[in-house]
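A.B. asks: If you're matching positions, the sequence shown starts at 117 in my numbering and goes up one per residue.
We treat Cβ as the ideally placed atom computed from N, Cα and C, and that holds for glycine.
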Amino acid sequence: MLRLLRQVSFRQLQASWGRTTLVVGGVATGVSLIVAIQVINASVLDNLRRTIELIAGPAALEVTLGVGEVGFSEATVETVRADPAVAAAVPLVRGTISLADDPSETLQLFGADLTAEEDLERYRISLTTDRREVLRSMDDPGAILLAEAFATRHALGIGQHLKLSTPAGVKDFTVRGLLAPAGVARVFGGQLAVMDLPAAQLVLGTEGRIDQVDVLLRPEADVTTTQRRLEAALPSTLQVARPEQRGAQYETILASFQAMLTGLSLLCLVAGVYIIYNTTSTGAVHRALVIAGLRVTGASADQLFRLLMLEALVLGVAGTGLGIPGGIALARLLTGLVSDSMGVIFQLRFPVDGLSIEASRQVAIAAIGIGAALFAAYFAARRVTALDPLEVMRADLRALAPQTGTYRLVLAWLGLVGVSALALVERRSRDTVAAPVAFRRRGSGRGGKPLSLGHAYGCHDRGGRACSRHRNHRGIAHREFP
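(1) Run the CB neighbour count on K279, radius 10 Å, all protein chains shown included, and call it buried at 16 or more, exposed below.
(2) Are the beta-carbon atoms of A309 and L438 separated by less than 7 Å?
(3) Counting pairs of Cβ atoms below 8 Å between the region 406-416 and the region 499-509, do you hit three or more?
(4) Given that a residue counts as buried once 16 or more other Cβ atoms are within 10 Å of its Cβ, and exposed if not, what is T268?
(5) Roughly how many whole angstroms lie between the Cα atoms of V186 and R210?
(6) If we count the other Cβ atoms within 10 Å of its Cβ and call it buried at 16 or more, is E360 buried or exposed?
(7) Look up F289 in the DSSP assignment and say whether it is helix, strand or coil.
(8) Distance, Cα to Cα, L294 vs E264?
(9) Out of S416, A493, R477 and I486, point me to the one whose CA is closest to I153's CA.
(10) Let me confirm a value: Q307 is counted as buried when at least 16 other C-beta atoms fall within 10 Å, else exposed. Which label applies?
(11) Considering only the alpha carbon of each residue, which of G432, G379, A488 and S281 lies closest to D218?
(12) With a 10 Å radius around its C-beta and 16 neighbouring C-beta atoms as the bar for buried, classify Y393 as buried or exposed.
(13) Hey, how far is the Cα of L569 from the Cα of E323?
(14) Three-state secondary structure (DSSP) at S132?
(15) Taking only the alpha-carbon atoms, compute the straight-line gap between L431 and Q374 and give it to the nearest angstrom.
(16) Pull up the DSSP beta-bridge partners for S189, would you.
(17) Using the DSSP secondary-structure output, state which residues sit across from I213 in a beta bridge.
(18) Counting pairs of Cβ atoms below 8 Å between the region 141-155 and the region 317-331, do you hit three or more?
(19) Return the CA-CA distance between R197 and S159, expressed in angstroms with no decimal places.
(20) Starting from the C-beta of G485, find all residues in its chain whose C-beta is less than 7 Å away, skip the five residues before and the five after it, and write them out in chain order.
(21) In angstroms with no decimal places, state the Cα-to-Cα distance between P200 and L354.
(22) My guess is that L149 and G443 are in contact by the Cβ rule of under 8 Å, so how many angstroms apart are they, rounded?
(23) I believe I260 touches T222 by the beta-carbon criterion, under 8 Å. Please report the beta-carbon distance rounded to the nearest angstrom.
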């Protein structure tokens with residue numbers, strides 16, 4: 117059989133290089149899309165889980181509304197702190213801001229109560245500057261902490277000023293500290309900024325509202341009992357859950373999106389099977405005379421059928437071998453787009469630092485690609501080997517085959533693949549150079565008008581009267597009108 121493959125099949129495949137290319141290309145296209153979608157799904161999920169774990173820190177429970185796209189009253193913190201099993205309740209807000217002169221440089225802004233030094237340690241926020249000096253400077257409403265990598269890239273040092281685009285408009289900020297590349301700062305790829313809670317609320321236009329409350333329990337407290345007690349004490353619209361439950365909630369929402377992507381990749385594989393079927397059917401007609409000659413010289417129909425299936429196996433392996441690395445390369449191009457889309461949905465930036473590639477899944481996809489090639493070739497191989505060799509030699513079925521130039525189809529396929537690749541590269545470069553700034557919908561004042569930092573921090577009532585804003589003994593911001 118191997119001798120026939122070498123002496124007959126390889127020569128035939130080389131002579132009809134166009135059809136051979138279409139078969140290999142059809143398998144490679146379908147396999148590459150399945151690999152790309154699988155790698156993208158796994159990579160986005162893994163990075164999402166890691167991001168949620170680092171954001172949660174040591175919190176045993178989290179209080180949220182939905183998936184965090186809508187805030188809730190800051191007064192909820194007092195209710196949580198009143199529970200005897202709660203050691204600390206830390207309110208948080210988050211949003212997206214960007215450099216005013218370079219909108220492509222976006223930052224994930226976190227606002228937390230930083231009046232106590234332990235809050236920095238709870239969220240694995242490591243400073244390269246003196247902690248006490250940083251905490252003293254947080255009274256400034258424009259004080260901001262930047263990731264060290266971001267500050268280095270933009271030549272920003274302690275005490276320097278920068279302009280940032282926020283939901284409240286373009287505002288001036290002062291760098292008061294640098295975040296070491298560890299913990300949360302590492303997860304966000306250095307695109308992280310931290311502010312004190314009241315200042316962050318004003319910048320994001322969420323005054324009096326927070327995104328979540330992280331609940332730290334006393335060592336002897338039972339998590340389930342405390343969770344039920346907090347659920348009874350808080351409004352029914354709020355969810356009290358463990359951090360891992362929140363991750364599961366995100367994954368449930370992602371499941372439908374990922375199922376759609378997987379379905380599209382399978383449709384592409386079906387299209388590849390159709391291409392292979394038509395190509396092998398046409399090739400079988402063209403090779404019918406050769407197969408009939410082999411039958412006359414003593415080869416059996418079963419031997420020739422196995423030979424044709426062996427050809428399909430070789431072509432399937434070749435297509436799969438090209439499709440898997442092609443799919444990984446495609447995943448590198450598309451993962452950023454998918455993670456950005458997820459960031460808009462969840463209002464949480466989680467860039468994918470690396471691809472999650474599992475060998476077992478790639479082996480399974482390779483088996484699918486090879487199986488698709490064998491399935492598509494089966495019917496043509498069975499049909500052509502069942503023909504009577506004498507009838508074939510008298511009729512010469514090659515004259516009945518369509519005479520469309522195969523090389524034209526190959527060029528068309530290569531052109532489509534090339535245009536698609538160029539479009540992906542161009543889209544990625546355009547998003548890198550001029551990515552739009554995604555602000556949260558709630559980042560505006562009453563009636564949809566933006567809150568300027570100066571106006572909001574100065575606090576004016578509806579009549580325009582000035583008011584002062586400061587903290588109470590627990591760090592909760594409030595107003596006092598004259």
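C.D. replies: Reading from the atomic positions:
(1) It counts as exposed.
(2) Cβ atoms of A309 and L438: not closer than 7 Å.
(3) Yes, the region 406-416 touches the region 499-509.
(4) Exposed, by the Cβ-count rule.
(5) For V186 and R210, the distance between alpha carbons rounds to 11 Å.
(6) Around the beta carbon of E360, a 10 Å sphere encloses fewer than 16 other beta carbons of the protein chains shown; the residue is thus reported as exposed.
(7) Of the three classes helix, strand and coil, the one that applies to F289 here is strand, per DSSP.
(8) Each residue's CA atom was taken as its position, placing L294 and E264 some 5 Å apart.
(9) Taking each of S416, A493, R477 and I486 in turn and checking the Cα distance to I153, the smallest one comes out for R477.
(10) Residue burial annotation: Q307 is buried, with at least 16 other C-beta atoms found within 10 angstroms of its C-beta.
(11) It is S281 whose Cα lies nearest to the Cα of D218.
(12) So Y393 ends up on the buried side.
(13) With a pLDDT of 29 at L569, under the threshold of 50, the predicted position of this residue should be treated as unreliable, though the coordinate-derived value follows. L569 and E323: Cα-Cα distance of roughly 11 Å.
(14) In the displayed model, S132 falls within coil according to three-state DSSP, outside both helix and strand.
(15) Here the alpha carbons of Q374 and L431 stand approximately 30 Å from one another.
(16) The secondary-structure analysis by DSSP pairs S189 across a beta bridge with R325.
(17) Bridge partners of I213: L223.
(18) Counting C-beta pairs closer than 8 Å gives fewer than three between the region 141-155 and the region 317-331, which falls short of the contact rule.
(19) Distance between the alpha carbons of R197 and S159: 37 Å.
(20) Sequence-distant partners of G485 (beyond 5 residues in either direction) whose C-beta falls short of 7 Å from its own C-beta, in its chain, are V143, G146, V147, G432, G435, T436 and G439.
(21) Their backbone Cα atoms lie some 20 Å apart in a straight line.
(22) L149 to G443, Cβ: 7 Å. Contact.
(23) About 14 Å separates the Cβ atoms of I260 and T222, ruling out a contact at the 8 Å cut-off.
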